[in-house]
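Please read the structure below before turning to the comments.
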Amino acid sequence: MTRAPYSVSDFTTLVRDALAVRPELEDVLVEGEVSNLKPHSSGHLYFTLKDSRAQLSCVCFRSNALRIPFKPENGMTVVAHGAVQVYEAQGRYQLYVDRMDPSGVGALALAIEQLKRALGAAGLFDERHKRPLPLLPRRVVVVTSRTGAALRDVYTVMTRRAPGIDIVLSPATVQGEGAAETIARAIQRADQVAGAGVILLVRGGGALEDLMPFNTEAVARAIRAARLPVVTGIGHETDTTIADLAADRRAATPSAAAELVAPSAAALHGELAGWTLRLGQGVRAGVLQHRRRLDATAARLERLSPGHRVGGMRQDLDRRADLLRHALLLEITAKRRRLDAARGGLREHQPAHRLAAARASIGRYGERLVAAGHRQVETRRGALEARGARLDALSPRRTLERGYSITLDSGRRVVTTSEAVRPGERIRTVLSSGEVDSDVVERHDR
Numbered sequence: 194m195t196r197a198p199y200s201v202s203d204f205t206t207l208v209r210d211a212l213a214v215r216p217e218l219e220d221v222l223v224e225g226e227v228s229n230l231k232p233h234s235s236g237h238l239y240f241t242l243k244d245s246r247a248q249l250s251c252v253c254f255r256s257n258a259l260r261i262p263f264k265p266e267n268g269m270t271v272v273a274h275g276a277v278q279v280y281e282a283q284g285r286y287q288l289y290v291d292r293m294d295p296s297g298v299g300a301l302a303l304a305i306e307q308l309k310r311a312l313g314a315a316g317l318f319d320e321r322h323k324r325p326l327p328l329l330p331r332r333v334v335v336v337t338s339r340t341g342a343a344l345r346d347v348y349t350v351m352t353r354r355a356p357g358i359d360i361v362l363s364p365a366t367v368q369g370e371g372a373a374e375t376i377a378r379a380i381q382r383a384d385q386v387a388g389a390g391v392i393l394l395v396r397g398g399g400a401l402e403d404l405m406p407f408n409t410e411a412v413a414r415a416i417r418a419a420r421l422p423v424v425t426g427i428g429h430e431t432d433t434t435i436a437d438l439a440a441d442r443r444a445a446t447p448s449a450a451a452e453l454v455a456p457s458a459a460a461l462h463g464e465l466a467g468w469t470l471r472l473g474q475g476v477r478a479g480v481l482q483h484r485r486r487l488d489a490t491a492a493r494l495e496r497l498s499p500g501h502r503v504g505g506m507r508q509d510l511d512r513r514a515d516l517l518r519h520a521l522l523l524e525i526t527a528k529r530r531r532l533d534a535a536r537g538g539l540r541e542h543q544p545a546h547r548l549a550a551a552r553a554s555i556g557r558y559g560e561r562l563v564a565a566g567h568r569q570v571e572t573r574r575g576a577l578e579a580r581g582a583r584l585d586a587l588s589p590r591r592t593l594e595r596g597y598s599i600t601l602d603s604g605r606r607v608v609t610t611s612e613a614v615r616p617g618e619r620i621r622t623v624l625s626s627g628e629v630d631s632d633v634v635e636r637h638d639r
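In my numbering, the protein residues as written are 194 to 639.
Below, the structure written as structure tokens:
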């Protein structure tokens, strides 16, 4: 029996349908070396995965390519996840990639370095964004595995150094698939714990592959978005992850991270002593500075004071005040004598109650007279001091000190207009300090 041949289209469809019923081809992980990488202007990625014996065409559409946490490059070993389908237009099967991760230490290190550069350019590692740690937090939230040694290390250190600090666990998976997302969510939960002052993100050491969740953008952005400061203690001293760069403080180990947020009593005493010393030095320096300013101001006022003129005025004022007081005393004495004489006459001619009233009235008069005399003295003193100040402000010397000058003609007369001098005449200019002789070259009259 002769079989009818397939058309190319029908045969390609037959192969496509045959592959479609194989469920294992819908969820495939393939490891290989990237080659022939061709990023398209649309954002799709076209490339080949190969090993020593075969190669596989791959395509990663833009929506999936944007979620790849690194930049694939030719020669990089990766693990691609996706589904195998037939591209009928060219009659070949290919892997439609929806997720891709670097494979091998070299590829992982390259992917980490690429992400570091991208996040650094976005400002996630800027020192100006780092938040200070509280001196002695009341509550610390630890983001780590429930069963890891890191939690035990943190608990041991903190209970020894600062047993009064509450320790709250925000559990997370710290290794394996999906760990980065659980760490990011655990940081978000920790940031909402009431009364917490700082977050510890810790885990023990491990290979580079084990620490990959801490080298992800999701964890770095969760750290920077947190309200509380974050301290990391990831791996060993030689391990520095992207989470360490994004954190506010980085410690080499979980134990060292616990020591950062739980200072010992000796450290607190030392810190307090340092603050006390710096405060005392600052107060003394401030007092000394203000004292120097006060002394300088007093000296400046003393230099600017017209002491010789004011002193003379004060002496004259005191002399006049003494004369006025003497005159007032003489007047009061005379009035008292007249009062005594009148009192004697009143004793003979007036009743006693009228005499007492007259005495009280005269006493009040004397007090008012003395008070009026004092007021007159103070008024004249103030007027004299004001006149002295005005005289000093209007004096020629003060005028010269303000930048003006006085011009004298050859006859030592003050020149007030240009018409008072002639070309060729020798004139003299008096300044605040010294004199200058000049010859009149030309005159400009107004």
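Where is the CB? At the ideal position from N, CA and C, for every residue including glycine. Keep in mind that this is a model prediction, so the values were computed, not measured.
- Counting the other Cβ atoms within 10 Å of the Cβ of G556 gives fewer than 16, which makes it exposed.
- The DSSP-derived three-state label of F254 is coil.
- Rounded to the nearest whole angstrom, the CA to CA distance from A445 to D437 is 9 Å.
- Residue burial annotation: E281 is exposed, with fewer than 16 other C-beta atoms found within 10 angstroms of its C-beta.
- By the CB criterion at 8 Å, G397 and A342 fall inside the cutoff.
- DSSP assignment within the segment 428-457 yields the following whole beta strand (DSSP E) runs of 3 residues or more, N-terminal first: 442-444.
- Between P216 and T375, the alpha-carbon positions lie close to 29 Å from each other.
- Close CB contacts of Y289 within its chain, under the 7 Å cut and outside five residues either way in sequence, are with V252, G275, A276 and Q278 (chain order).
- A distance below 8 Å between beta-carbons, with the five flanking residues on each side excluded, links A514 to the following residues of its chain, in chain order: V570, R573 and R574.
- By the 16-neighbour rule on beta-carbons within 10 angstroms, S338 is buried.
- As the crow flies, the alpha-carbon of F318 is around 20 Å from that of P327.
- DSSP places M405 in the helix class (H, G or I) of the three-state scheme.
- Pairing G268 with L242 gives a Cβ-Cβ distance that is not under 8 Å.
- Taking C-beta atoms under 8 Å as the contact rule, E402 and L301 qualify, at a distance of about 7 Å.
- As the crow flies, the alpha-carbon of S250 is around 12 Å from that of Q283.
- In the structure shown, A282 falls within a coil segment according to DSSP collapsed to helix, strand and coil.
- The C-beta separation of R324 from P422 comes to about 4 Å, placing the pair in contact by the 8 Å criterion.
- Assigned with DSSP and collapsed to three states, L344 falls in helix.
- Setting aside the 5 residues that flank it on each side, L312 is surrounded in the same chain by A413, each with a C-beta closer than 6 Å to its C-beta; the list follows chain order.
- Within the same chain, Cβ atoms closer than 7 Å to the Cβ of S235 are found at R255, the five residues on either side in sequence being excluded.
- Where S363 is concerned, there is no enclosing alpha helix (DSSP H), although the beta strand (DSSP E) around it starts and stops at D359 to P364.
- As computed with DSSP, L288 is found in a beta bridge with C251 and V277.
- Taking a cut-off of 8 Å on C-beta distances, the segment 604-616 does not touch the segment 575-587, as fewer than three cross pairs fall below it.
- Looking from the CA of E306, the closest CA among T433, S554 and A415 belongs to T433.
- Rounded to whole angstroms, the gap between the alpha carbons of K528 and R568 is 20 Å.
- Under the three-state reduction of DSSP output, G426 falls in the strand class.
- For D602, the CB contacts under 7 Å within the same chain, skipping 5 residues up- and downstream, are V608, A613, V614, E618 and I620 in chain order.
- In this structure, the CA atom of R485 is about 18 Å from the CA atom of G473.
- Taking 8 Å as the cut-off, the Cβ atoms of H237 and A211 do not count as close.
- By the neighbour-count criterion, in which 16 or more other beta carbons inside 10 Å mark a residue as buried, E452 falls on the buried side.
- In the three-state scheme derived from DSSP, where H, G and I count as helix and E and B as strand, E594 is classed as helix.
- The continuous alpha helix (DSSP H) containing R382 extends over residues A372 to A383.
- Assigned with DSSP and collapsed to three states, F240 falls in strand.
- Closest by C-alpha distance to G566, out of D638, L487, L517 and E320, is L517.
- Counted as a single uninterrupted DSSP element, the beta strand (DSSP E) harbouring E224 occupies residues V221 to P232.
- With fewer than 16 neighbouring CB atoms inside 10 Å of its own CB, G371 falls in the exposed class.
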